[in-house]
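Following the numbering used here, the numbering of the sequence shown begins with 4 at its first residue and continues without gaps.
The beta carbon of each residue, even a glycine, is placed where N, CA and C say it ideally should be.
Given the structure is predicted, the values throughout are model-derived calculations rather than measurements.
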Amino acid sequence: MYSFQNNKKETIFCGKPFGANKAPLIVAEIGFNHNGDIDLAREMIKSAAENGADIVKLQTFIGSELISKTVKSKDPDHPAREIFLYEFFQRYQLSHKDYETLFKFSKNLDIPLFSTPFDDSSLDMLLEAGMPAIKIASPDLTCLPFLARLAQIDLPIVLSTGMGTNEEIETALKILRSEG
């Protein structure tokens with residue numbers, strides 16, 4: 004069992020304070036619900052800002068690096084059941100230029116934007132675009148080379164541990180703490 008322990012009265016994440024005697028930090032999770040449409044992404048970021056979110060989070064991937072071109076969905080309820088999953092992910096990804104645009108857009112709205120990179124190229128793209136923090140997805144908890152690379156980057160990290168064993172979590176934390 005892990006708990007967040009901090010002797011400071013507050014911590015700063017993406018320029019926003021949180022901690023003891025502070026209001027909760029609200030993160031609006033957009034993921035890739037923008038459907039690969041930058042205009043929809045902007046609309047969702049603006050809506051998050053207007054409705055009181057403190058931070059916005061996306062999911063970033065490059066379809067060709069995320070999944071093999073030969074994998075088909077076997078789930079009859081999955082929206083991509085009629086296409087190769089590679090095509091599905093290609094359809095819903097945003098470009099490097101899109102991310103640069105979205106980071107500038109969110110900055111103008113005074114709402115920080117960060118993302119979960121699902122591959123090395125996405126991480127590089129996000130860093131170049133000015134991402135202020137990194138979210139590590141649960142499936143990457145055991146991707147030790149990726150964790151070692153992330154630990155070398157001087158940004159705050161949010162580590163998801165869903166479905167992780169205590170041993171996997173301890174290993175991930177050891178890597179993140181020792182490499183950085």
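| Query | Result |
| --- | --- |
| Could you tell me which uninterrupted alpha helix (DSSP H) segments, each at least 4 residues in length, are contained entirely in the stretch 84-113, listed from first to last along the chain? | 88-95 and 99-111 |
| Which same chain residues, not among the five before or five after N54, have their C-beta less than 7 angstroms away from its C-beta? | none |
| Give a yes or no on contact between the stretch 83-101 and the stretch 35-46, applying the rule of three or more CB pairs nearer than 8 angstroms. | yes |
| Give the straight-line distance between the Cα atoms of T164 and L150, rounded to the nearest whole angstrom. | 13 angstroms |
| Report yes or no: do three or more beta-carbon pairs, one from the stretch 16-26 and one from the stretch 68-78, lie closer than 8 angstroms? | no |
| Indicate the three-state DSSP secondary structure (helix, strand or coil) for E13 in the structure shown. | coil |
| Enumerate, from N- to C-terminal direction, the unbroken alpha helix (DSSP H) stretches of 4 or more residues contained entirely within the stretch 132-178. | 147-154 |
| Are S124 and I65 close, meaning C-beta to C-beta below 8 angstroms? | yes |
| Under the DSSP definition of a beta bridge, which residues are partnered with T63? | P120 |
| What does the alpha-carbon distance come out to for the pair I160 and F92? | 25 angstroms |
| Please state whether DSSP places K19 in a helix, a strand or coil. | strand |
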